[in-house]
Amino acid sequence: MALVLNEEQRLLQDTAKDFLATQAPVTALRQLRDEKDSLGYSPELWQQMAEMGWSSIILPEEYGGLDFGFLGLGVVLEEAGRTLTASPLFASAVVGASAILLGGSETQKQTLLPAVAAGTLTLALALEESHHHRPTHISTTAQRQGDDLVLNGSKCFVLDGHSADHLIVVARTKGTEDDSNGLTLVLVDRTAEGVSCQRTTLMDSRNAANIRLENVVVPASSILGEIDQGWAVLEPVLDRARVALAAEMMGSSLEAFDRTVDYLKEREQFGKVIGSFQALQHRKAHLQSEIELCRSVLLQALSVVDDAPQDLPLLASLAKTKLNELAKQVTNEAVQMHGGIGVTDALEIGFFLKRARVAMQIYGDTGYHKDRYATLCGY
Amino acid sequence: MEDLEQFRLDVQQWLEANCPESQRQPMKPEDQYWGGRRGQFPSADAQLWFERMRDKGWTAPEWPTQFGGGGLSAQQGRLLKEEMKRINARTPVYGIGLWMLGPAVLEYGNEAQKQQHVRAIVNGETRWAQGYSEPGAGSDLASLQCKAEDQGDHFLVNGSKIWTTAADKCDWIFCLVRTDPNVKKQEGISFLLIDMDDPGVSTTPIALISGESEFCHTFFDNVKVPKENLIGELNKGWSVAKALLVHERKLMAEMGSDSPREVMVPNVAAHKYLEFDNGKIADAKLRSDLADYDMQMQAVALTHFRTFEEKAAGIRSPAPLVMKYVGTEAEKVKSELLLAIMGSSGLGWEGDAFSQLEIDTARLWAMSKAMTIAGGSSEVQLNLIAKNVLELPQP
């Protein structure tokens, strides 16, 4: 367990920072948005990221992975958060890859993971069915039909759902709605017959989709893990996703915060730089202290993924809650302290504000994780 | 590393052989030994344990051996702490001589001062008070007025100091005094050691909103102080004090976790005082507040560990500079939360109608208000973060 980065991880962070600042700054996201890019990310950029090993960062070497662990992943995601870089890194290389790594058979791992590691195959988790994160509240069905499964249902807020090659569909094979027992993860080719996809345009200009499954037939060998036992895989996958997302949110919060501190040092009103006003200083100093707390929580959460998975549920909910709140406060203050220019589209601060709101909803908002944390603590 | 492992084994063996069983039990406030001329050991075992530790130099494990310290490296010192904690060994002697003055004399004092004062602190012979704040100088500490006039062979001290903890039980007091009234306020301050038995020194106790307290108001009326009691250079006392404040703030941040008194834990209190519905606290607001508090405390504790790891790895970060602010604010939140959880059972002030723990909780609630004021108020902490971390211009 470590609350400080080692030399290797610091080097990786420097590399990621340099690369993203030059190859994928916030202007790149603006361009994707303004051109209404059909993919929503740059495949060339993604290929470069894959060549640097980022798409394989958490995967073991035997599947073509870099095996750098979650602390390594964390520094890359943090830097990608600073530049708001759109790529399949989160949905595919973290969420999808984790699902196959934790739930897949040896054959599935050997077939899929090397391609995921190389960035040539992308994945998306089709989980949500309503406007709030309720991971056990699943009514999409997968019914046995001989050697096949037939899937029916609707999914929403599927990150990278319109661009991924394969969907990992959370379906109900047993039990009633909201029962964690009876869930099954099923791999589905996104172009299979009966799969329809509606790309949604969200405020953050990133990628999410609504997916409909109508009598989609897949072989039973497409099941990830055991039938009815999907929750045992899904829960740790979601916790890894939450911690990874917390790392991205740390980066975007820090960037919005730093840009605001810089602005406070140059903007003059009443004949002084506004950063000399105590009313602003105390608010910034308070946020700095919250940043320090979030930094410790994040490092611990990233560490336990690899070193103490039994602590992961508590730490993941802690990290997501703390970073949700940080991202909200930091981006709101960033806009307010920039004043009039802060509400213009010309300034990039608005991109950070909007991404924060989307990230806050992904895999559990503050209310969801506070409730989970309280339950885990026995009250 | 191998040497460290060997050291750990040696420490384990030594503690096993030398720490009396009675000194491995949870401590009450009256079990603490504070040393000094008037210090009394709470028990014969406490004396034995203190003397054994003193003879090893382990009352101040990381101080140099030539002044009576243990001469341990930072790593060894941490390891000793770990091993003591593992067997619940009590801290043999407490005091701000160990926490604050000793480090200051080691850094700024001359050879004679180190021989006299550092050694006496290690040996538990002197108990120290701190003389910084004055009735007219709180957050604006540098505006202090207690003056020391140069009388040739001595200083003549006049004025008073407030919030001098346990001054009525202390032998010595280290003071910030004005030695030059005609320069910028920080540049006319010196750091002076005063023997509290000297004629002209007197103390009166201060009662607080939490009840009786150890705090005193200490007065100096034409006190003659020898010149050799000046630490560091004349009029350079402010830099000594600043170095010391770092130690004090660290202590303030840690105080909540190192209290010898049994304290109410919010999660435990919730199970005792609140109604549950299906395993959840029925009052949704209190449940949410408790989760907020537990999360914040976990984050504070992790940040505390991070500061240790960063120190060991030689990494500098802003984390130590925010600890006092976040630690004491969290303690205040905890006290308010406990009162809310306990309802009218949290309002008892004295008498038999309430348990000792309930009364202590109410008293601690009142006391918690002082934590974000003493040792640099939260507002001063935010000023410092704005200045030193964010590098924002002075207001």
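Chains as they are written, first to last, in our numbering: chain X, 9 to 387; chain D, 348 to 742. Glycine is no exception: its CB is placed at the ideal position from the N, C-alpha and C atoms.
With 16 or more other CB atoms across the displayed protein chains lying within 10 angstroms of its CB, leucine 621 of chain D is buried. Collapsing the DSSP output to three states places threonine 512 of chain D in a strand.
CA-to-CA, the gap between arginine 710 of chain D and glutamate 559 of chain D works out to about 10 Å. Residue pairing of glycine 506 of chain D in beta bridges, as defined by DSSP: D:Phe567. Approximately 7 Å separates the beta-carbon atoms of glycine 723 of chain D and leucine 592 of chain D; this is inside 8 Å, confirming the contact.
Within the same chain, Leu704 come within 7 Å of glutamate 609 of chain D by CB-CB distance, once the 5 residues on both sides are set aside. Within the segment 297-369 of chain X, no run of beta strand (DSSP E) at least 3 residues long lies entirely inside it. Between the alpha carbons of threonine 550 of chain D and tryptophan 475 of chain D lies a distance of about 14 Å. Annotation note: the segment 192-227 of chain X contains the following uninterrupted beta strand (DSSP E) runs of length 3 or greater, listed N- to C-terminal: 203-209, 215-227. For phenylalanine 285 of chain X, the C-beta contacts it makes with chain D under 8 Å involve Pro742, in order along the chain. When secondary structure is reduced to three states using DSSP, aspartate 392 of chain D falls in the helix class. Cβ neighbours of valine 343 of chain X within its own chain (closer than 8 Å, five residues either side excluded): Gly350, Val351, Ile357, Gly358, Leu361. For asparagine 160 of chain X, the enclosing beta strand (DSSP E) covers residues 156-167. Straight-line spacing of the CA atoms in isoleucine 553 of chain D and phenylalanine 538 of chain D works out to 25 Å. For alanine 309 of chain X, no CB of chain D lies under 7 Å from its own CB, so it is not counted at the interface with that chain. Going by beta carbons, serine 682 of chain D and serine 715 of chain D fall inside the 7 Å limit. For glutamine 372 of chain D and glycine 382 of chain D, the gap between their C-alpha atoms comes out near 20 Å. Assignment of lysine 44 of chain X by DSSP, reduced to helix, strand and coil, places it in the coil class.
Taking a beta-carbon distance threshold of 7 Å, tyrosine 381 of chain X counts as an interface residue toward chain D.
The three-state reading of DSSP puts threonine 551 of chain D in strand, counting E and B together.
With a threshold of 16 other beta carbon atoms within 10 Å, alanine 324 of chain X meets it and is buried. According to DSSP, residue pairing for valine 281 of chain X in a beta bridge involves X:Glu276. Taking 7 Å as the cut-off, the beta carbon of methionine 257 of chain X is found no closer than this to the beta carbon of alanine 354 of chain X.
In this structure, the beta-carbon distance from alanine 249 of chain X to tyrosine 371 of chain X falls below 7 Å.
In this structure alanine 666 of chain D is not in contact with glutamine 289 of chain X, their Cβ atoms being roughly 19 Å apart against a cut-off of 8 Å. By the 16-neighbour rule on beta-carbons within 10 angstroms, histidine 174 of chain X is buried. Checking the DSSP bridge columns, you'll see threonine 149 of chain X partnered with X:Asn160, X:Arg180. Contacts with chain X at 7 Å (Cβ-Cβ) include proline 665 of chain D. DSSP places isoleucine 468 of chain D in the uninterrupted alpha helix (DSSP H) bounded by 466-469. Closest option to threonine 565 of chain D, judged by alpha-carbon separation, among D:Val647, D:Phe652, D:Met543: D:Met543.
Within a 10 Å sphere around the beta-carbon of methionine 211 of chain X sit fewer than 16 other beta-carbons, which makes this residue exposed. Every unbroken stretch of the alpha helix (DSSP H) spanning 4 or more residues and falling wholly within the segment 28-108 of chain X is given here in chain order: 34-42, 51-59, 77-90.
Valine 572 of chain D is bridged by DSSP to D:Phe502. By the rule that beta-carbons nearer than 7 Å mark a contact, glutamate 429 of chain D does not touch chain X.
With a minimum length of 4 residues, the unbroken runs of alpha helix (DSSP H) contained wholly in the segment 653-740 of chain D fall at 666-689, 703-718, 725-731.
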